[in-house]
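Asks: Taken in order, these protein sequences are the chains called A and B. So for the first sequence, the numbering used here puts the first residue at 1; every next one is plus one. So for the second sequence, the numbering used here puts the first residue at 1001; every next one is plus one. Just so you know, even glycine gets a beta-carbon here, dropped at the ideal spot from N, CA and C. None of these values were measured; they are calculated from a predicted model.
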Amino acid sequence: MASPGYQPVNLVRWLLWGGTALLFAVAPLVFRQGFALTMLTQMGTFIIFALSYNMLLGQGGMLSFGHAVYSGLGAYFTVHALNMIGSGALVFPVSLLPLVGGLAGLAFGVLFGYVTTRKAGTTFAMISLGIGELVHACVLMFPGFFGGEGGISTNRMVGKPLLGITFGPAIQVYYLVAFWCFVSMIAMFALTQTPLGRMANAVRDNPERAEFVGYDTQKVRFLQLVLAAFFAGVSGALSCINFEIVTDENVSALRSGGVLLATFIGGTGYFFGPIVGSVVFIFFVVALSGFTQAWLLYLGLFFLAMVLFAPGGIASLLMMQLPVIRARRFGELVPPYLLALAAGLVAFAGLVGVVEMVYRISDQSLETQMSLFGIGFDARSPRPWAAFALLLAAGVAALGFAARRVGDRWGAIQNQMQEGQR
Amino acid sequence: MEFFVVQLLNGVSYGLLLFMLCSGLTLVFSLMGVLNFAHASFYMLGAYFAYQVSLYIGFYPALVVAPLLVGGIGMLVERYGLRKVHRYGHVAELLFTFGLAYLVDEAVHLVWGRAAVDYRVPASLEGPLFRVFTSEYPTYRVFMMLVSVAMLVSIWLALTRTRIGLVIQAALTHPQTVEALGHNVPRVFMLVFGGGAALAGLAGVIGGNAFVTEPGMAAAVGPIIFVVVVVGGMGSLAGAFIASLLIGCLQTFSVGLDWKIFGLNITVAQAAPVLPYLLMVLILIFRPRGLLGTREG
């Protein structure tokens, strides 16, 4: 995203941000169903969460397994604030509640960050996991504040409506989330341009040299984590307003793992990576979980495939195409890409068939008679097994072939582009 | 006194089980620099495999077959997964094993369902072995201790007295030199990773029926073994041994105590799940390298 040289007005950047704002504004007008609105609201919340996570993983090189601690504790404080507004003990506009969550996240970031950021690398990862488990166990231990297993529920339609905004209808909650999401995006992007953001990159890439020029790496990591915890708290508060309930699931390892998956799938190397990742992840969670019980398996496989074959995430895959498009050679890549896409779909269909059949057989409460892709069959008969296994094998083989074709074409174009530069 | 002796025995048997898990994790970490997030998943796989195998050919064959199966899976994971992501650095390796843990969890859900399976202690090992004052001590707990100790002694002998053990020890500190001397270091990595997985699998075989074999067992024990490794000192086997026994005893003792904690409205038993993590935080503040660790950070 960074552009070389001095530019008084970065036109591309203005266009990108303007387009994003426009997208936020018109998205609910295009996707009108209630289901789509729920999904968009969750995406907005998760984008803040994933971007704040990337402040650690992508910008600071800190792999955290306990980031849900900050969003979850932010959500708990928000739910109590909301209930106090409801009982009249506190006068505070609901639309500014994300600040309460953010400050709670920030406070716990100061507390836990002091311990976790003493180390970097693998040790940081393990300690963050330990802190996550510690907080999760504590949440279940003190039911007075955290509500135990059942959590704490609330009602967001409290206080005086301002300009007729009650936060009753889902569309009003969406625009609240969209507003905070946009503001947080700008704030977090601005942070990457500050000296702290730059030093975080330096500490990530070469801590020894960063210390040599006079920076305390531990302090840089600490500040970065505290700020990330603030935005995590903001997203926790928004999810509290959206769902009107906060449970121990909000601080659980599952949530921490989810944000890691989403951020990595999107790509940690670019600022917009986690945004893409959140959209994909929430789509997996909300849309796919309605269709199949095995959605976590598909998500896990997708994640592993990304780690193995595209460690830069979707964002880096997209950015890799830019120079090719600029050189007007993208057309040559379209046929091998389409081939790979077709092969991938075939392999995926085979995989889905096998997984769903295993699931049907292992779960005794379900009938083995099932239908997939509009075809009905019995999961106990050998024929669909053979068919799907064949589909999977053929798809994988074709994918390998297509990958080689893409690689050959890609290499040739790169070579010719370098020749051209000389 | 009775409470103390019984809890001490339970603590030691649990601690030995923990060490069986941590030894593999520590060896892999010091050899390859990889923190295997999926280590507890191998433990779970060991328990499930043992359950499935014991349905057909009984518990004692399963005691051998299940760890071998898990070890084989471990070697495949190293050969076709970890070795590929190795060039992307340690974070990628950690993420790979994290994804693997996710996948194993879901695969277990898919194949064995979400409820616990009926994996039992074999009839020949049921019942009490001896009496401690007034309470009877179960045979199976003693069997667990015997298996763990036998395993530990054989690992120690293998590491110090055999040729491959010496190569492993050398590869811990000087992998390039060992490679230059003509040893196949990647194969050593594969063997150690598989061996660590097999150890975790064995722990699952004997732990799965002593506790519960259910899909949540990996997530329950995973963070604990990380705590053990941090408390003992990253990469130190002796430290991991002490920390395993310490945390094993800490957990078993605290569960049995109903003293009130000063200033809080809860008992020690209620606070038990938190104690290992608190210990970890305290160790990190006052002795960041862990009990017997040598490297800082």
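Which word fits VAL1064/B, buried or exposed, when buried means at least 16 other C-beta atoms lie within 10 angstroms of its C-beta?
Replies: So VAL1064/B ends up on the exposed side.
Asks: VAL205/A lies in the alpha helix (DSSP H); which residues open and close that run?
Replies: Inspection of the sequence shows that residue 205/A is occupied by Asp rather than by Val. Element bounds for ASP205/A: 195 to 205.
Asks: Which word fits GLY1248/B, buried or exposed, when buried means at least 16 other C-beta atoms lie within 10 angstroms of its C-beta?
Replies: The residue is buried, with at least 16 neighbouring Cβ atoms inside 10 Å.
Asks: Using a Cβ-Cβ cutoff of less than 7 Å, which residues in the same chain neighbour THR1213/B once the five nearest sequence positions on both sides are dropped?
Replies: The residues are ALA1047, TYR1048, TYR1051, ALA1116, VAL1117, TYR1119.
Asks: For the beta strand (DSSP E) containing LEU424/A, list its first residue and its last residue.
Replies: Only positions 1 to 422 of chain A appear in the structure, and residue 424/A is not among them; the question remains open.
Asks: Does THR122/A come within less than 7 Å of chain E when only Cβ atoms are used?
Replies: This model lacks chain E altogether; the protein chains it does include are A and B.
Asks: My guess is that ALA229/A and GLY132/A are in contact by the Cβ rule of under 8 Å, so how many angstroms apart are they, rounded?
Replies: Going by Cβ atoms, the distance from ALA229/A to GLY132/A rounds to 13 Å, so no, they are not a contact pair.
Asks: Is any beta-carbon of chain B found at less than 7 Å from that of ALA137/A?
Replies: yes
Asks: At a Cβ cut of 8 Å, what residues of the region 105 to 129 of chain A count as close to chain B, listed as they run along the chain?
Replies: VAL115, ARG118, LYS119, ALA120, GLY121, THR122, THR123, ALA125, MET126, ILE127, LEU129
Asks: Could you give the uninterrupted runs of the alpha helix (DSSP H) lying entirely in the region 38 to 87 of chain A, keeping only those of 4 residues or more?
Replies: 68 to 87
Asks: Could you give the distance in angstroms between the alpha-carbon of VAL100/A and the alpha-carbon of HIS80/A?
Replies: Answer to the nearest angstrom: the Cα atoms are 10 Å apart.
Asks: Alpha carbon to alpha carbon, what distance is there between GLY1290/B and VAL1231/B?
Replies: 5 Å
Asks: Can you tell which of ALA1269/B, GLN1251/B, THR1252/B has the C-alpha that lies nearest to the C-alpha of ASP1258/B?
Replies: ALA1269/B
Asks: Buried or exposed for ALA1238/B, please, with buried defined as at least 16 other CB atoms from any protein chain shown within 10 angstroms of its CB.
Replies: Looking at its Cβ environment, which holds fewer than 16 other Cβ atoms inside 10 Å, ALA1238/B is exposed.
Asks: Hey, quick one: how far does the beta strand (DSSP E) through ASP378/A stretch, first residue to last?
Replies: 375 to 378
Asks: What are the boundary residues of the beta strand (DSSP E) that includes ARG1120/B?
Replies: Taken as a continuous stretch (DSSP letters only), ARG1120/B belongs to no beta strand (DSSP E), as it is neither H nor E.
Asks: Should ALA1158/B be labelled buried (16 or more other beta-carbon atoms within 10 Å of its own) or exposed?
Replies: exposed
Asks: Residues of the region 1202 to 1232 of chain B with a CB closer than 9 Å to any CB of chain A: list them in chain order, please.
Replies: Look at the region 1202 to 1232 of chain B: the residues with a C-beta under 9 Å from a C-beta of chain A are ALA1219, GLY1222, PRO1223, ILE1224, PHE1226, VAL1227, VAL1229, VAL1230.
Asks: Enumerate in chain order the residues of its own chain whose CB-to-CB distance from SER3/A is below 6 Å, with the five nearest sequence positions on each side excluded.
Replies: Because SER3/A sits at a pLDDT of 46, beneath the cut-off of 50, its placement in the model cannot be relied upon, and the following sentence gives the value as read from the coordinates. Taken in chain order, the list of residues that qualify is empty.
Asks: Could you please give the first and the last residue of the uninterrupted beta strand (DSSP E) stretch that includes TYR1137/B?
Replies: 1135 to 1138
Asks: Does DSSP put ARG329/A in a helix, a strand or coil?
Replies: Three-state DSSP puts ARG329/A in coil, outside helix and strand.
Asks: Which whole-angstrom value is the C-beta distance of GLN42/A and ILE282/A, which I expect to be below 8 Å?
Replies: At roughly 5 Å, the Cβ-Cβ gap stays under 8 Å, so GLN42/A and ILE282/A are in contact.
Asks: Hey, VAL1006/B and ALA1198/B: beta-carbon distance below 7 Å or not?
Replies: no
Asks: Output, in sequence order along the chain, the residues in the region 379 to 412 of chain A whose CB is closer than 7 Å to any CB in chain B.
Replies: none
Asks: Determine the chain A residues that contact VAL1111/B at a beta-carbon separation under 8 Å, and present them in chain order.
Replies: VAL358, SER362
Asks: In angstroms, rounded to a whole number, what distance separates the CA positions of THR20/A and LEU1021/B?
Replies: Cα to Cα, THR20/A sits roughly 49 Å from LEU1021/B.
Asks: Using a Cβ-Cβ distance under 7 Å, would GLY350/A count as near chain B?
Replies: no
Asks: Once you ignore the five residues that flank ILE413/A on each side, which residues in its own chain have a CB closer than 8 Å to its CB?
Replies: Result list for ILE413/A: VAL324, ALA327, ARG329, GLU332, LEU333, in chain order.
Asks: Does the Cβ of GLY420/A have 16 or more other Cβ atoms within 10 Å, making it buried, or fewer, making it exposed?
Replies: Per the 10 Å Cβ criterion, exposed.
Asks: Starting from the Cα of GLY407/A, find the closest Cα among GLY395/A, LEU392/A, MET320/A, ARG380/A and give me that residue.
Replies: MET320/A
Asks: Buried or exposed for ASN242/A, please, with buried defined as at least 16 other CB atoms from any protein chain shown within 10 angstroms of its CB.
Replies: buried
Asks: Have a look at the DSSP bridge pairing and note the partners of LEU372/A.
Replies: ILE375/A
Asks: Mind pulling the chain B residues with CB within less than 7 Å of MET141/A?
Replies: ILE1266, GLN1270, ALA1271, VAL1274
Asks: What does a CB cutoff of less than 7 Å around GLY411/A pick up in its chain, not counting 5 residues either side in sequence?
Replies: Counting only residues of its own chain and dropping the five nearest sequence neighbours on each side, GLY411/A has no CB closer than 7 Å to any other CB.
Asks: Closer than 7 Å, CB to CB, is MET1280/B near chain A or not?
Replies: At least one C-beta of chain A is nearer than 7 Å to the C-beta of MET1280/B.
Asks: Considering only C-alpha positions, which residue in the set LEU297/A, TYR337/A, LEU318/A is nearest to GLU356/A?
Replies: Among LEU297/A, TYR337/A, LEU318/A, the Cα nearest to that of GLU356/A belongs to LEU297/A.
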